[in-house]
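Each remark here refers to the structure printed beneath this line.
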Amino acid sequence: MDEKLRDEKAQKDYYNMLHFVSDVQHGIPQLCPCGSITKETVDEDDTYDYLPGKRYFVCKDFVNDGLHLRQPWVKAIQEEVERLKVKFYEQEKLLRECEALKAQVRMLLQRVAALEKQL
């Protein structure tokens, strides 16, 4: 029974690690799920015409077992740009709302000043 429980825990840990690897592959990665830092590398074997190879974000301790990070540089940069676009649009919307609130405050201040003159 202990051996079966140990195997089940090991399998659960393996699936959790696969889940962590899939989650970390969004945007520019800072750390691999194994805890190592990632570095930017160029695969010299993967050249096309005049291009010097593909860039990747790779775990410092990369082993091709599916539990370490090796993400294409272009994909990471595209996702990071998309994330920043969304953040920019949210900030722009917030700025517009603030401008509208400023206009309302100015109008209210004018009303208050007019009411104070009447008293």
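Plus 330 on top of the position in the sequence shown (first one is 1) and you've got my numbering.
C-beta: ideal position from N, C-alpha, C; glycine also.
VAL442: first and last residue of the uninterrupted beta strand (DSSP E) it sits in: Annotation for VAL442: no beta strand (DSSP E) segment contains it, though the alpha helix (DSSP H) segment containing it runs 403-448.
Range covered by the beta strand (DSSP E) that runs through LYS384: In the DSSP annotation of this structure, the continuous segment of the beta strand (DSSP E) that includes LYS384 starts and ends at 384-389.
DSSP-derived helix/strand/coil call for ASP375: When DSSP states are grouped into helix, strand and coil, ASP375 belongs to the coil group.
Close-in-space but distant-in-sequence residues of the same chain around LEU348 (CB under 8 Å, 5 per side omitted): Result list for LEU348: GLY396 and LEU397, in chain order.
Exposed unless 16 or more other CB atoms sit within 10 angstroms - verdict on ALA406: Flag for ALA406 reads buried.
Contact check, PHE387 vs PRO363, beta carbons under 7 Å: No.
Per-residue DSSP class, three states only, for LEU399: If DSSP states are grouped into helix, strand and coil, LEU399 belongs with coil.
Cross-strand partners of LYS369 (DSSP beta bridge): Beta-bridge pairing links LYS369 to VAL388.
Option in TYR419, ARG385 and GLU412 with minimal Cα separation from TRP403: Looking only at TYR419, ARG385 and GLU412, the smallest Cα-Cα distance to TRP403 is reached by ARG385.
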